[in-house]
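Numbered per the numbering used here, the first sequence spans residues 1133 to 1550.
Built from N, CA and C at the ideal position, the CB exists for glycine as well.
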Amino acid sequence: MSKDTLSTEPYKGVRDFYPEDEFIQEYLFEAMKTACEKFGFEAYGASVMEPSELYRSKNSDEIVNEQTYTFVDRGEREVTLRPEMTPTVARMVAGKRHDLTFPLRWYSIPNCFRYERPQRGRVRDFWQLNADIFGAPGIEAEAEIIALAHAVMIEMGATENDFEIRINDRRMLTELFKGADLTDEQTKNVMQLLDRKSKIDDFDAKLFELVSSNQATHLLDGFAKAASSAHLESLRSLLYSMGVGNVTVDTSIVRGFDYYTGVVFEVFDTAPENRRSLFGGGRYDNLTELFGGEPITGIGFGMGDVTARDFLESHDLLPNYRPATELMLCPMDATSLKHALTLAQELRHKDVAVSVNLSGKKIGDQIKQADKMSIPFIIGVGERERDSGMYTLKQLSNGTEHTLSAEHIADHLFSALG
RNA sequence: GUGACUAUGGUGUAGCGGUAGCACAGAAGCUUGUGGAGCUUUUAGUUCGGGUUCAACUCCCGAUAGUCACCCCA
């Protein structure tokens, strides 16, 4: 490998999806899509490029988070590849607020970009299911969103034993912080500490470093008492009645520190070797205010493809690869190749996914290729088939063969595939 | 951004301070209409750059890349 040849490695932190990988990816997206549509959500989409202003904080000119891909275009406009979908959907909803019918149920599976150091569960180009309900302030919307998150997991083949949904309510914290008389700065720091609580073992000591001992005592007392709230208990019992049984209240769930204002939740893997947060979401009330007008309340979640994939892998839930191609025609000579091309068209009209082997190799090698590609059926096409119009459909998985006329191939193949 | 660990054909792996092996994959051939196999032949490698040494894939330093953790996680 000399230095003047190009590397075949993808760009740092991004992935290639070879057919086997793409197959899993499509399986994930299909599960997400199926669950969302069962819940009455409509799909939307947008460009990966957004004006950088969308990610600037209101007060300062700085990008809210430095971990973005940002560039200047030829018209001197500053452009950012979306690091998340929520500002985009807030922009879209705010822009058509008078035309849209609320409450709105929308979902999308966009790819997002973050300039971060890659590691397990984190890449620079990832896909994320975003599902949100806008304009429904009640507990029922919260139940629907959490039930949807649950349904996505179930759709991917998980059982309730494989994961756990932990819910909390930020309003409990807001009141507690008010009671302890925390400054905004302290609130932010305590939130961040709380978010890491399960990962560290000196939570109390750290808390005393952040706030005065009176405040810390007040907070710790509050954390101990605030095991739940009437709202959370109602939500949990509502979800239970909807068949969502693996919900627990966990007052340490805060979801980082951003726009969440009410109920927040996080989905955890219950596998002992992988007890981490898979994804989460919550209620946000002020997201559309950047665009003016009356605020629109929203609740939603985002589920990344990387952690979803890791979850399926560790629970042995990944689907087995199956190629899209159902049948390969294996011509034995040049004349048969032309014949195979017309036969292929005939079968394609009947919705069979047909490939014609163009290698010119011997029939044995062609079968080998089909087998390696996991294509389930082959038909050898030679002089005998051309003359008789009868073809032998061979199923490679078990070696069974059936000799059929062209018009019966499709039906036979589909019934064998099930 | 900080740190730790790793780096051998395309892939997965041995190995030793003194000629780099193996398996799979790839290519060619034998068998010529059911042959998915077998056999033969063959292609292809020590990440890069310094240093120590008579001699470095091996030891040391640096770079690069990957992995993992921290940070962050919108």
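- Let me know if L1490 comes out buried or exposed under the rule of 16 or more other beta-carbons within 10 Å of its beta-carbon. exposed
- Message: Going by beta-carbon coordinates alone, are I1511 and L1459 separated by less than 8 angstroms?
- Response: yes
- Query: Nearest-angstrom Cα distance between A1268 and L1525?
  - Reply: 56 angstroms
- Message: Suppose you measure from the CA of P1151 to the CA of S1506; what does that come to, to the nearest Å?
- Response: 12 angstroms
- Query: Given a threshold of 16 other Cβ atoms within 10 Å of its Cβ, counted over all protein chains shown, does N1293 qualify as buried or as exposed?
  - Reply: exposed
- Query: For T1291, is the classification buried or exposed, using 16 other Cβ atoms within 10 angstroms of its Cβ as the cut-off for buried?
  - Reply: exposed
- Counting only the same chain and skipping the five closest in sequence on each side, list residues whose C-beta sits under 6 angstroms from that of E1296. N1378, F1400 and T1402
- What did DSSP end up calling V1146 once you bin it into helix, strand or coil? coil
- Which residue from K1331, A1358, D1336 and L1261 puts its Cα closest to that of E1307? A1358
- Message: Among the candidates L1475, V1322 and K1500, whose CA atom is the shortest distance from the CA of V1488?
- Response: L1475
- Could you tell me the distance, in whole angstroms, from the CA atom of G1311 to the CA atom of S1384? 18 angstroms
- When you compare only the Cα positions, how much space is there between V1395 and I1428? 16 angstroms
- Determine the direct distance from the alpha carbon of F1443 to that of Y1239, and round the result to whole angstroms. 22 angstroms
- Assumed close pair V1180, R1214 - CB separation to whole angstroms, cut-off 8 angstroms: 6 angstroms
- Selected residue, minimal CA-CA separation from A1275, among D1231, A1538, I1299 and W1259: I1299
- Would you mind sorting D1205 into buried or exposed? The rule is 16 or more other CB atoms within 10 Å of its CB. exposed
- Segment contact flag, the region 1234-1248 with the region 1403-1415, C-beta cutoff 8 angstroms, min 3 pairs: no
- Message: I need the DSSP call for Y1159, collapsed to helix, strand or coil.
- Response: helix
- Query: Under three-state DSSP, which class holds L1305?
  - Reply: helix
- Message: Would V1211 and P1183 be called neighbours here (beta carbons separated by less than 8 angstroms)?
- Response: yes
- Using alpha carbons as the reference points, say which of F1258, S1360, A1348 and H1447 lies closest to G1436. F1258
- Query: How do the region 1491-1502 and the region 1459-1468 stand: do at least 3 beta-carbon pairs fall below 8 angstroms, yes or no?
  - Reply: yes
- Query: Hey, D1336 and L1352 are a contact pair by Cβ (cut 8 angstroms); roughly how many whole angstroms apart?
  - Reply: 7 angstroms
- How would you call H1447, buried or exposed, if buried means at least 16 neighbouring beta carbons within 10 angstroms? buried
- With DSSP collapsed to three states, give me the class of R1249. coil
- Task: Only counting runs of 3 or more residues, tell me where the beta strand (DSSP E) segments fall wholly within the region 1491-1550, in order along the chain.
- Result: 1509-1513, 1522-1527 and 1533-1537
- Alpha carbon to alpha carbon, how far is D1503 from Q1527? 10 angstroms
- Query: For Q1260, which residues does DSSP report across the bridge?
  - Reply: G1436
- Member of S1369, A1178, T1532 and F1234 whose CA lies at the smallest distance from the CA of V1221: A1178
- Tell me whether Q1527 counts as near the ligand GDP, meaning its Cβ is closer than 7 angstroms to at least one heavy atom of that ligand. This structure lacks the ligand GDP; in fact it carries no ligand of any kind.
- Query: Which parts of the region 1316-1386 are runs of the beta strand (DSSP E), unbroken and 3 residues or longer, counting only runs that do not cross its ends?
  - Reply: 1379-1381
- Cut-off 7 angstroms between Cβ atoms - residues of its own chain near V1484, not counting five sequence neighbours on either side: E1458, L1459, A1542 and L1545
- Item | Endpoints, the beta strand (DSSP E) within which M1224 is located | No beta strand (DSSP E) contains M1224, which is instead part of the alpha helix (DSSP H) from T1218 to G1227.
- Message: Let me check understanding here. Comparing Cα to Cα, which of I1265, N1243 and L1280 lies closest to M1164?
- Response: L1280
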